[in-house]
Amino acid sequence: MKRIHIIGRKNHGKTTLVVELVSALAASGLKVGTIKHTHHDHDLDVPGKDSHRHRTAGAIISGICSPQAGAIFFQPPPLEDDATNDAKYAVFQPHFQSCDVVIVEGDTHTSAPKLEVWRASVGGEPYATSDCQVHAIISDDPSVLGNIGDTPVWSRSNVADLQQRLLLLLKQ
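Quick note: the sequence shown uses the working numbering, first residue 86, plus one each step.
Next comes the structure, spelled out in structure tokens:
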């Protein structure tokens, strides 16, 4: 599973960029999967609904299927003390095996390639200033194009160019 993470601070445009990249990659004929990572403890299934009741009764995995969509709910296995943070993505592998690329929105604690969305107008330091594993910063601010520290800065304005850069990064 070729996985790349789009990271960034809140309101810097991660979701918008992910949607645009998915659209461009899919239009080029690639099969694209996405995972939304959150560090918050959300209950993704609705309490009181049948699938939620199945899980609270003890099912280790529960699914829901309708004519329009399906979902699988599971409790991720606990990570071993020596496991990498990337081990949590192994459980997704069987479901994403037909994908050419999987884009994860979020998760700064990964060894997978990371691209950071950063908007100077929103503020905050780019993660790349303290994370050498960020491959590039994607910014809409022309004054920072070039590099921030040792990290290259790519223009946010050209999604086709970003798509090509992403594909090259995944080939490395």
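Virtual Cβ for every residue (Gly too), placed ideally from N, Cα, C.
Item	Value
Bridge partner(s) assigned by DSSP for GLY209	DSSP, once it has assigned bridges, lists no residue as partnering GLY209.
Beta-ladder partner(s) of LYS256, from DSSP	None; LYS256 has no bridge partner.
Closest by C-alpha distance to GLN160, when choosing among GLN153, TYR174 and PRO152	TYR174
Backbone secondary structure at LYS87 - three-state DSSP	coil
8 angstroms contact criterion, which VAL186 and VAL117 should meet: CB distance rounded	6 angstroms
Whole-angstrom distance between ASP225 and ILE233, CA atom to CA atom	14 angstroms
Given 8 angstroms, three or more beta-carbon pairs between the segment 144-157 and the segment 86-106	no
Helix, strand or coil at SER183 according to DSSP, with G and I counted as helix	coil
Limits of the unbroken alpha helix (DSSP H) element including ALA142	135-142
Beta-carbon contacts of GLU190 that lie in its chain and below 6 angstroms, excluding the five residues immediately before and after	ILE91, LYS99, VAL103 and LYS121
Buried or exposed (CB count within 10 angstroms, at least 16 for buried), ALA26	As displayed, the chain neither begins before 86 nor continues past 257, which places residue 26 out of reach and without an answer.
Environment of ILE157 [buried if 16+ CB atoms lie within 10 Å]	exposed
Proximity winner among SER108, GLY93, GLY114 and HIS97, relative to SER183 (alpha-carbon distances)	GLY114
Cβ-based neighbour list, HIS137, same chain, cut-off 7 angstroms, excluding 5 preceding and 5 following	ASP130 and VAL131
Coarse secondary structure for LYS95, derived from DSSP in three states	coil
LEU200, DSSP secondary structure in three states	strand
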